[in-house]
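Residues 5 to 239, numbered by the working numbering, are exactly what the sequence shown covers, in order.
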Amino acid sequence: MNSLSQLDQVKTTPWSGGRSPWSLEYGKVMMWFFLVSDAFTFSSLLIYYGAQRFSKGAWPAPDKVFQSIPGITDHGAPLVFVGIMTFILIMSSVTMVLAVEAGHRRSKKEVIGWMVATIIGGFMFLGCQAIEWTHLFHEGFHWGEIPEKAELAQFFNGPVSEVSAQQFANLFFTITGFHGFHVFTGVIVNIIILCMTINGTFEKRGHYLMVEKVGLYWHFVDLVWVFVFTFFYLV
């Protein structure tokens, strides 16, 4: 009888099963698993880029490739435009933090406002990226395509390498395109969450956990951009 009583006590502990001993929400844990797996993908791409970058004697100089502000000037403003893009994305992460915080307070009106701001920031970043890609296309860079060797000299500080230029172009469009796809996906999901908020879905549930989960994804996308920015534009 005494042993049975002890067994019943074990079943009531946090480790008895049926619930998380850490009180973690299942969906949030799954989001973390997804983000970790996605981080491996981005890491492999950036590591490969770094290996190619530092194994070559010549490589396109970022301050010469990215020295234009599309629609304003073609030369003389190195990294200004991408700096604007980075600022926009970081500010969208701030607005997402504010949306999550408002969700904790169950302030529907504030969640809607900050989510709208986050979505606008996402669209602005994508628009800037589209403009940047279009400019590079006009310069002659594309997947599998680079400018003529005589024109390539303006993008190098030293010796010109067509192989390095081609690898740079392929990896730039692949990695920034992959990141841009993540941003676009995040914007679409944010729009869905915004519509659910407007419809009062989370008010009925009694919590705004979905906003927090989407926020984790959005912050991940912003963090990845910091590494992409560092590898392509600064190194």
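Beta carbons are placed, not taken as given, at the ideal position from N, Cα and C, and that holds for glycine.
If you're wondering where the values come from, they're calculated on a predicted model, not measured in any experiment.
Per DSSP, cross-strand counterpart(s) of residue i
i    : result
I73  : T77
E149 : H146
Extent of the continuous alpha helix (DSSP H) to which residue i belongs
i    : result
G107 : V84 to H108
K32  : Y30 to S59
Cβ-Cβ separation, residue j to residue i (assumed contact under 8 angstroms), whole Å
i    : j    : result
V120 : L198 : 7 angstroms
G125 : M89  : That belief does not hold up - the Cβ atoms of G125 and M89 are roughly 11 angstroms apart, past 8 angstroms.
P163 : A55  : Not a contact, Cβ separation roughly 20 angstroms.
G190 : V225 : 5 angstroms
T122 : N194 : 6 angstroms
Inter-residue Cα distance where the pair is residue i and residue j
i    : j    : result
K112 : V86  : 34 angstroms
E143 : F129 : 21 angstroms
V157 : K32  : The question names Val, but residue 157 in the sequence shown is Ala. About 50 angstroms.
I51  : S72  : 27 angstroms
V228 : P82  : 22 angstroms
V187 : F46  : 14 angstroms
I76  : S59  : 35 angstroms
S168 : L93  : 29 angstroms
M34  : T205 : 21 angstroms
F172 : H139 : 16 angstroms
P66  : E207 : 48 angstroms
L220 : F176 : 25 angstroms
F70  : M200 : 40 angstroms
E114 : V230 : 28 angstroms
W36  : H79  : 42 angstroms
Chain C contact for residue i (CB, 9 angstroms cutoff)
i    : result
M200 : In the structure shown, chain C does not exist; there is a single protein chain.
The ligand HEM heavy atom lying under 8 angstroms from the CB of residue i
i   : result
D42 : For the ligand HEM, the structure offers nothing, since it holds no ligand at all.
(request) Run through the segment 156–239 for me and flag every whole alpha helix (DSSP H) of 4 or more residues, listed as ranges in chain order. (result) DSSP runs (the alpha helix (DSSP H)) wholly in the segment 156–239: 166–202, 205–209 and 213–233.
(message) Report the start-end ranges of each alpha helix (DSSP H) in the segment 109–146 that is 4 residues or longer and not cut off at the edges.
(response) Segments of the alpha helix (DSSP H) lying fully in the segment 109–146: 112–143.
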